[in-house]
Structures are given as C-alpha cells and as structure tokens.
Amino acid sequence: MRQPSEEERAQSAKDEGRAVALASTPGFQFDAEAWAGWKSAVTPALRRHVEAVEYCTVCARTPERVAQAFMVPGRPQFFSRSTAVAYGAWKDTHPDRGQLAAEFTVGFRSEHGHGPSYAQLGSGLGWQVDHALRNFAVRRLLVNEWLTETGTVPWTLRPGQVAQGEGITLPKARNPEAAVQART
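Under our numbering, the first residue of the sequence shown carries the number 936, and numbering increases by one thereafter.
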C-alpha cells in the first residue's frame, strides 16, 4: 500500500471538511441545479450578495457551504441563563466591544465585499468564547444597535445606528462612477 501524495491528502482534508460542514444540517443535500434555481429566483440584490460570498477569494467557502447557509432556514436562537450570566462577566472585560465590532465590519466588508458571519466577527476580534456566548454577544450588539444585519440573511453584519452616530459607517454604496474609479 502506497502513501497518499500531498495532493491526495489535501483533497481528502477538503472532502472531510465538506462532510463536517454538511453534516451540521441534517437532511441538507447539496444539489447544484437546485442551488442555481434558488439563486435565479431571488432578487438581483440578494443574488449579488450571495455571489459575493460564494466567490469571495478570502473566505474560500465551498459552494455547498454557501448554499446550505442561504437555503436552509435559520433556527431560532435560545440562550440559557448561564449564557446570559457568562455574558455579563465577559462584557465587563470587553468595554469597547460595540465600537470594535462595528469597525471590524467596515474593514471586513472592504476586504471581502460582504459582511462577516457571527463566527468571523468573533474570530476576527479574538473572542475566544464558545458558540452560544459569541452568538449572545452579537445579538446584544444588534439589540443595542452597534450592529445591524439584513433579517436572517447570512454574512450581512454592518455598523448599526449607534455606530453611525459615532462616525463608524460603510463607504458610500457603489455606483457606476465608483466602479470605474475602483478599476483604475
């Protein structure tokens, strides 16, 4: 029996990563035709957002993972009392969390062309906390209007009203002149 090549090991690791990601949603089976059909049925603005995530070279997400995030309905988030208590202690050690999170979304969007996920926000800010606490912290930033998002659409975090009042805003939306300037 021969040892696998570097290329074979890389492909195996990639396949294992896909299997883990897809196993997180029981019953989801990626179908390229269904994914293409879903994208053709959404609004042009949502399709542009989906494709910004799907083709982001920085994130390098597999089409299966992007399809799963957009096609599978989100689940309601419930937090235990212990998570709320842990958040109280955590927030005392992160007093600038709102400002830092809003600033992070601006930088992330300029680099990626889309907003961060909750996990990308937490990782980017060095929040070494469990999944539930991270999601609770992001939900609090949304409620307190440091951040905002587009409903249940993934990868849409951006500065909220409070952040905008502090001068943390996204650059103006792209228009034909901005697109020409970006290319030059």
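Beta carbons: idealized from backbone N, C-alpha and C, even for Gly. Nothing here was measured: the structure is a model prediction, and the numbers come from that model.
Beta-bridge partners of residue i, as assigned by DSSP
i	result
residue 1083	1093
Among the options, nearest to residue i - alpha-carbon criterion
i	options	result
residue 1030	1046, 994, 1076 and 983	1076
residue 1006	975, 1059, 1063 and 1051	975
residue 986	1090, 1036 and 1101	1090
residue 1011	1062, 1055, 1067 and 1104	1067
residue 994	1102, 1021 and 1059	1059
residue 1100	1033, 1055 and 1063	1033
residue 1025	1048, 1065 and 988	1065
residue 1028	962, 984, 941 and 1063	1063
Nonlocal neighbours in the same chain, by C-beta distance under 7 Å from residue i, ignoring five residues either side
i	result
residue 1009	1087
residue 1002	965 and 970
residue 1050	1040, 1043, 1044, 1090, 1091, 1092 and 1093
residue 1105	1041, 1044, 1093 and 1094
residue 1187	A question about residue 1187 goes unanswered here, because the residues of the chain that appear run from 936 up to 1119.
residue 1048	987 and 991
Secondary structure of residue i, DSSP reduced to three states
i	result
residue 958	Unreliable placement is indicated for residue 958, whose pLDDT of 44 sits below 50; no coordinate value is reported for it.
residue 1026	helix
residue 1005	helix
residue 1122	As displayed, the chain neither begins before 936 nor continues past 1119, which places residue 1122 out of reach and without an answer.
residue 1050	coil
residue 963	coil
residue 1032	helix
residue 895	No answer is possible for residue 895: the residues shown for the chain start at 936 and end at 1119.
residue 1016	helix
residue 1106	coil
residue 941	helix
residue 1060	coil
residue 1010	coil
residue 995	coil
residue 1088	coil
Pair within 7 Å by beta-carbon distance, residue i and residue j
i	j	result
residue 1092	residue 1040	yes
residue 1084	residue 1096	no
residue 1036	residue 1082	yes
residue 1071	residue 1014	yes
residue 1069	residue 1061	no
residue 1103	residue 1046	no
Other residues of its chain near residue i: CB distance less than 6 Å, five sequence neighbours each side excluded
i	result
residue 1073	1053
residue 1021	1068
residue 1116	Summary for residue 1116: the model assigns pLDDT 49, below 50, so the residue's position carries little reliability, and this model does not support an answer.
Own chain, CB closer than 8 Å to residue i, minus 5 neighbours either side, in chain order
i	result
residue 989	996, 998 and 1001
residue 973	1002, 1005 and 1006
Check: residue i C-beta below 6 Å from any heavy atom of the ligand COA
i	result
residue 969	Questions concerning the ligand COA fall outside what the structure shown contains, since it holds no ligand whatsoever.
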